[in-house]
Amino acid sequence: RYYTQAPQARYTPMVRTAQRVALRHSFETDGTPAPSTVRPRPPAPPTNAPSQLPALTPDNDAKISQLVVDFMMRISRTLPQQQSRTELFSPLSIITVANLLFLGSGGSTHEEFGKVLTPSSMNWKRMHQRYGNVLANLMSPEPIDSRRDQWRRQTCPRDDDYEDGEGGPAP
């Protein structure tokens, strides 16, 4: 009900076998170039179709925000305690990369990422959807800030007792 099927994608491995790399670069011991057995592929056609993914609704999810803060506090405790003027890190970038690695992983790596990044009471797919909504909120021109909504709705009543009048003490 919350999820849609992602379009089928074809994944190409990024690592080639050593033999193919050696053949391609002519790393033969006798100095003769190796015959090329690799046929070049034509480039993929550009896609102009609209995305099938649902639009993200900006949301300020307190549980996801706290998860990010807790994760970053753990990361900050593992960083060297030396104060460096040249090293800095972006908590949002680190958690985003960790979530992307989580989505792309499988097997025991996926399980380990799940233990670290997903709250125990939440499905990992639901967590990613809610995290996407928080990111959409961060990038929104008018982000939602649930802590301030009540404050913004309240008005300051004008009370005549607080105004300095003619009968009040002189400054």
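Each residue of the sequence shown is one higher than the last, beginning at 15 in the working numbering. Positions of the beta carbon are idealized from the N, C-alpha and C atoms, including for glycine. None of the values given here were measured: they were computed from a predicted structure.
| query | result |
| --- | --- |
| Can you tell me where the alpha helix (DSSP H) with Asp73 in it begins and where it stops? | Segment: none, Asp73 is in no alpha helix (DSSP H) and carries neither H nor E. |
| Considering only their Cβ atoms, is the gap separating Met136 from Lys77 smaller than 9 Å? | yes |
| Going straight from the alpha carbon of Ile158 to that of Tyr145, what length do you get? | 14 Å |
| Considering only the alpha carbon of each residue, which of Asn113, Pro133 and Ala150 lies closest to Gln80? | Pro133 |
| Along the chain, where does the alpha helix (DSSP H) that runs through Ser134 open and close? | Premise fails: Ser134 is in no alpha helix (DSSP H) and is neither H nor E. |
| Quick one: Cα of Asp75 to Cα of Val148, how far? | 6 Å |
| Quick check: what's the CA-CA separation for Ile109 versus Phe85? | 8 Å |
| Please state whether DSSP places Thr100 in a helix, a strand or coil. | coil |
| Here's a check: name, in chain order, each residue in its chain whose Cβ is nearer than 8 Å to the Cβ of Ala112, leaving out the five neighbours to either side. | Phe85, Phe127, Val130 and Leu131 |
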